[in-house]
Every structure is written in C-alpha cells, then in structure tokens.
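Residue numbers (this note's numbering): 3 to 184.
Written out as structure tokens, the structure reads:
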C-alpha cells in the first residue's frame, strides 16, 4: 500500500467523524503513524490530498453504463457508499473537486455514448465534446441537488421522474440528424 493510499484512506475515515475543515495534517499523520515531512513530500495540504483522492477514485461500472439512468445510478451508488467523503467535500472549500469528479465521469460516459450511437461519425470530435459537456453539466446539476438534499430521495425515483422529460436524448439527436454543427 502506498503512502498516498494510506493517507487517502485515513482522510476518508476521519471525514466520517468530523468536518474536513477541522482535520489537520498533524492529526492525519498521527493516525497514519507517519511524519509531517512525509505528508508534505507527497501533498501540499489536505486539499491536495483530497484532489489526489478524486483523481484516483473509480466509479464501479460507469464505463459500462448503457444509459444516462444507469450512469446516474452508478454514480449515486458511489456517492452513497462514500457518503461522508461526498457530503464533507460538498460542504467544504474543496467542493469544486467533487463537482469536477462527478462531471468528468458523466462527460466520459457521454463521449462513449455518442461514439456508440454515431457509428457513421457524422458529428466531429469538437461537437461531440460540446454535446458531452452540455449533457454532463445538466445531469451533474441533478446529482449535486440530490447530494445537497443529503441524498434523501432514492436516485431511482429521480431518474424515473426525469425520464419523461429527458427521455433518450442522444439517440434521436444523432440518428435523426436533429443535431447540426453548433
């Protein structure tokens, strides 16, 4: 196990017990039984460690999600499993790290989905990126609202409520050529 991983796991455990802003490098290194210089060799501060966590976390099955509903549910499962990490980060100065993590996963999902649907490559890469960015931001807003509400409502209920509104938005857009260069 690497030092980074040990520190990351310890930070996650500490975040289950206290707000991120109250966690000090001193307390973290004591928990890990390492020295402060060792911490600072790897990270500038607690937020740098938090950034490392989100750069290295993986959402199980997101790369195999076949629909936006499935992608949202997989991300939701990650959020529930890592509730303390997600909630504490959302309520801290590190909020942007969480937003970027969620958005990156949604963006990658959308790029894969567009590539799967647009087999004839009618949409150039820049426009694919724009579409992925747009829809990722929309679904990320839904996820952040759900996180803000302390993940109370089952995410499945939210996706079912959104389905009539959102539907299968990418396939008609691409296959029926509704989308033309923006």
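Note that CB positions come from ideal geometry on N, CA and C, so glycine has one too.
For residue i, the nearest candidate out of the options (CA to CA)
| i | options | result |
| --- | --- | --- |
| residue 25 | 87, 149 and 123 | 87 |
| residue 62 | 107, 42 and 165 | 107 |
| residue 32 | 21, 122 and 13 | 13 |
| residue 67 | 161, 111 and 123 | 111 |
| residue 149 | 114, 120, 91 and 35 | 91 |
| residue 152 | 113, 23, 73 and 93 | 93 |
| residue 116 | 60, 70 and 55 | 70 |
| residue 10 | 55, 43 and 131 | 55 |
| residue 143 | 38, 101, 30 and 72 | 101 |
| residue 53 | 89, 99 and 38 | 99 |
| residue 162 | 72, 3 and 127 | 72 |
| residue 132 | 118, 109, 122 and 154 | 109 |
| residue 22 | 37, 47 and 36 | 47 |
| residue 57 | 82, 157, 103 and 36 | 103 |
| residue 146 | 167, 78 and 126 | 78 |
| residue 82 | 140, 157 and 167 | 157 |
First through last residue of the alpha helix (DSSP H) which encompasses residue i
| i | result |
| --- | --- |
| residue 32 | 27-34 |
| residue 52 | 48-58 |
| residue 90 | 85-92 |
| residue 117 | 97-119 |
| residue 152 | Taken as a continuous stretch (DSSP letters only), residue 152 belongs to no alpha helix (DSSP H), as it is neither H nor E. |
| residue 22 | Segment: none, residue 22 is in no alpha helix (DSSP H) and carries neither H nor E. |
| residue 14 | 5-17 |
Sequence-distant residues of its chain with Cβ nearer than 6 Å to residue i (five each side left out)
| i | result |
| --- | --- |
| residue 45 | 51 |
| residue 130 | 116 |
| residue 49 | 96 |
Residue i classed as buried or exposed, judged by whether at least 16 other C-beta atoms fall within 10 angstroms
| i | result |
| --- | --- |
| residue 18 | exposed |
| residue 16 | buried |
| residue 76 | buried |
| residue 20 | exposed |
| residue 65 | exposed |
| residue 120 | buried |
| residue 41 | buried |
| residue 159 | exposed |
| residue 184 | Annotation note: pLDDT 46 at residue 184 (below 50); position unreliable, coordinate value reported separately. Burial call: exposed. |
| residue 165 | exposed |
| residue 97 | exposed |
| residue 137 | buried |
| residue 134 | buried |
Same chain, Cβ closer than 8 Å to residue i, five either side skipped, listed in chain order
| i | result |
| --- | --- |
| residue 29 | 16 |
Cut-off 7 Å between Cβ atoms - residues of its own chain near residue i, not counting five sequence neighbours on either side
| i | result |
| --- | --- |
| residue 34 | 8, 9 and 12 |
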